[in-house]
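In this text, residue positions in the sequence shown follow UniProt numbering: the first is 1, and each later residue adds one.
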Amino acid sequence: MASSSNATIQSLGSLNKESFVSLLSKLIGESKFVQNNPPELIPQEDRIVNHVLDSLRPYSTETGGGPLLINHVAYHSGRGNLIVEYPGTVPGKILSFVGMHMDVVTANPDDWEFDPFSLSIDGDKLRGRGTTDCLGHVALVTELMKRLGETKPALRSTVVAVFIASEENSSIPGVGVDMLVKDKLLDKLKSGPLFWIDTADKQPCIGTGGMIPWKLQFTGKLFHSGLAHKAINAMELGMEGLKEIQSRFYRDFPAHPQEKVYGFATPSTMKPTQWSYPGGGINQIPGECTVSGDVRLTPFYDVKEVMRKLQEYVDDINTNIEKLPTSGPVSKYVLPDENLRGRLTLSFDEAAAGVACNLDSRGFHVLCEATKEVVGHVKPYSITGTLPLIRDLQDEGFDVQTSGYGLMATYHAKNEYCLLTDMCQGYDVFVRIISKLEQD
1 MASSSNATIQ
11 SLGSLNKESF
21 VSLLSKLIGE
31 SKFVQNNPPE
41 LIPQEDRIVN
51 HVLDSLRPYS
61 TETGGGPLLI
71 NHVAYHSGRG
81 NLIVEYPGTV
91 PGKILSFVGM
101 HMDVVTANPD
111 DWEFDPFSLS
121 IDGDKLRGRG
131 TTDCLGHVAL
141 VTELMKRLGE
151 TKPALRSTVV
161 AVFIASEENS
171 SIPGVGVDML
181 VKDKLLDKLK
191 SGPLFWIDTA
201 DKQPCIGTGG
211 MIPWKLQFTG
221 KLFHSGLAHK
231 AINAMELGME
241 GLKEIQSRFY
251 RDFPAHPQEK
261 VYGFATPSTM
271 KPTQWSYPGG
281 GINQIPGECT
291 VSGDVRLTPF
301 YDVKEVMRKL
311 QEYVDDINTN
321 IEKLPTSGPV
331 SKYVLPDENL
341 RGRLTLSFDE
351 AAAGVACNLD
361 SRGFHVLCEA
371 TKEVVGHVKP
381 YSITGTLPLI
391 RDLQDEGFDV
401 QTSGYGLMAT
411 YHAKNEYCLL
421 TDMCQGYDVF
431 VRIISKLEQD
């Protein structure tokens with residue numbers, strides 16, 4: 001079996017840099033049209049699909065030029081997904097590369113040092129919107145599938161690539177991988193490891209965070225600041241109320257022992273990120289204000305339980321608002337003579353759970369082994385950034401492992417770029433993953 005493994009590596013070889021850069025140049029040239037920020041910017045992912053098809057069709061059953069099976073699936077006009085399959089000889093033996101999305105976040109050319117919507121090359125740097133996230137991976141996996149179609153190695157495993165639409169913004173539902181799963185087009189991928197190729201820095205990302213967006217409205221009584229004893233200061237109520245909620249959150253959801261195992265950089269956090277009030281003069285004590293923020297939750301805590309506890313905190317504070325600390329001798333949250341009480345109101349936007357990859361999975365072990373061989377070291381990491389699509393796949397029974405070969409430092413950033421040498425290593429990792437799974 002070892003000789004078969006070596007034959008696979010020899011057959012698939014190294015990344016064809018010229019072909020990769022040529023394809024990536026075409027993809028970045030479309031990036032202006034696949035920015036995802038509805039309603040102003042609705043991506044047309046088929047502009048990317050067409051370039052991928054141009055690369056792969058000559059090696060497909062569609063043209064008779066090769067073994068690749070290609071399925072272009074669109075649920076919205078111009079917004080397709082692409083499933084590409086290289087058939088193996090053993091039924092049910094499969095591995096897949098998924099998550100290479102064909103939309104990008106927005107870019108303002110006025111803020112960039114170079115044109116974000118055309119590929120430019122600066123030494124090893126490949127520059128442009130989507131090079132790291134995620135058109136670079138689209139081109140990389142296309143080159144892998146192209147090489148499989150060209151060389152036709154005798155694999156026992158079926159290799160599947162799934163290029164997806166609508167990853168960066170989910171405000172328009174029913175476009176991407178969620179629909180592919182719903183229509184059971186990916187069901188057979190459950191038989192083997194699924195490698196989600198949309199992270200960065202060449203190391204396995206084994207954990208992500210959940211996110212709970214929240215909004216707290218604080219209601220008091222507006223009054224003249226020279227008569228503070230007749231007001232309920234909504235800002236003071238907001239400061240003290242939020243402080244109490246945060247204190248209880250960190251008491252109930254402290255650092256979890258598994259976070260060290262998974263290498264999370266931070267424990268779960270709850271913090272404000274936006275503060276607003278209706279406006280008024282400097283001599284007016286505000287009667288209302290709103291604080292918004294999020295909870296970033298490691299995957300070892302339950303999202304619904306946290307939401308329930310947050311509401312419990314608010315209910316208790318409202319019931320016992322007299323006990324909340326005040327600021328100064330006339331600061332208060334109750335005006336008994338007017339039968340007025342300050343009040344907190346909590347609401348949530350759509351929440352998402354985090355992911356803890358299965359560290360006992362063969363897919364995880366193979367990814368680590370391949371990374372160590374190619375990159376020289378392996379150091380899996382976890383972040384409390386949120387990838388809800390991955391959790392959805394995991395909940396559906398897929399063995400999801402994640403990696404990526406762009407740069408975290410340029411993710412969603414101005415002046416985005418990736419490194420050609422990193423992409424070459426990514427290709428080598430993919431080849432070794434295929435090779436090692438042939439040995440099973």
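Idealized CB from N, CA, C, for every residue including glycine. Bear in mind that the values here come from a model prediction, so they are computed numbers and not experimental data.
With contacts defined as CB atoms closer than 8 Å, residue 215 and residue 290 qualify as a contacting pair. For the pair residue 380 and residue 44, the Cα-to-Cα distance works out to about 34 Å. Exposure of residue 10 is indicated by the presence of fewer than 16 other C-beta atoms within 10 angstroms of its C-beta. Bounds of the alpha helix (DSSP H) holding residue 365 are 362-375. For residue 399, the beta-bridge partners assigned by DSSP are 193.
The C-alpha of residue 97 lies about 44 Å from the C-alpha of residue 243. Burial state of residue 351 is buried, judged by a 10 Å Cβ sphere holding 16 or more other Cβ atoms.
Within the same chain, and ignoring the five residues on either side of residue 78 in sequence, the residues whose Cβ sits closer than 7 Å to its Cβ are 44 and 46. Residue 14 and residue 164 have their C-alpha atoms some 25 Å from each other. Distance between residue 307 and residue 279, taken at the CA atoms: about 30 Å. Residue 61 and residue 198 have their alpha carbons spaced roughly 28 Å apart.
Distance from the CA atom of residue 200 to the CA atom of residue 407, rounded to whole angstroms, is 5 Å.
Secondary structure of residue 271 (DSSP, three-state): strand.
Approximately 7 Å separates the beta-carbon atoms of residue 207 and residue 354; this is inside 8 Å, confirming the contact.
If you draw a straight line from the Cα of residue 90 to the Cα of residue 154, it comes to about 11 Å. In the three-state DSSP reduction, residue 50 falls in the helix class (H, G or I).
Counting other Cβ atoms within 10 Å of its Cβ, residue 302 stays below 16 and is therefore classed as exposed. With contacts defined by Cβ atoms closer than 8 Å, residue 118 and residue 128 form a contacting pair. With a cut-off of 8 Å on Cβ pairs, the region 233-250 is in contact with the region 322-329, counting three or more such pairs. Nearest Cα to residue 218 within the set 225, 210 and 232: 232. Nearest in C-alpha terms to residue 168, of all of 37, 94 and 132, is 37. Within the region 9-55, complete alpha helix (DSSP H) segments of at least 4 residues are found at 17-28, given in chain order. In terms of CA proximity to residue 162, 138 leads the group 150, 170 and 138. Of the candidates 304, 439 and 417, 417 places its Cα closest to the Cα of residue 107.
When the alpha-carbon of residue 341 is set against those of 434, 315 and 220, the nearest one is in 220. The secondary-structure analysis by DSSP pairs residue 86 across a beta bridge with 159. The region 419-433 and the region 16-25 touch, with no fewer than 3 CB-CB distances between them shorter than 8 Å.
DSSP places residue 109 within a helical segment (H, G or I) once states are collapsed to three.
DSSP assignment within the UniProt domain "Peptidase M20 dimerisation" (206-318) yields the following whole alpha helix (DSSP H) runs of 4 residues or more, N-terminal first: 234-252 and 257-262. The continuous stretches of alpha helix (DSSP H) do not include residue 187, and DSSP gives it neither H nor E. Going by beta carbons, residue 334 and residue 321 fall inside the 8 Å limit.
If the five residues before and after residue 430 are omitted, its C-beta is found closer than 6 Å to the C-beta atoms of 144, all from its own chain and listed in chain order. Partner residues in the beta bridge of residue 121, as assigned by DSSP, are 126. In its chain, beyond the 5 residues on either side, 190 have a beta carbon closer than 6 Å to the beta carbon of residue 397. The C-beta distance from residue 204 to residue 402 rounds to 7 Å, short enough to meet the 8 Å contact threshold.
Inter-segment contact for the region 175-184 and the region 67-83 is present: three or more beta-carbon pairs are separated by less than 8 Å.
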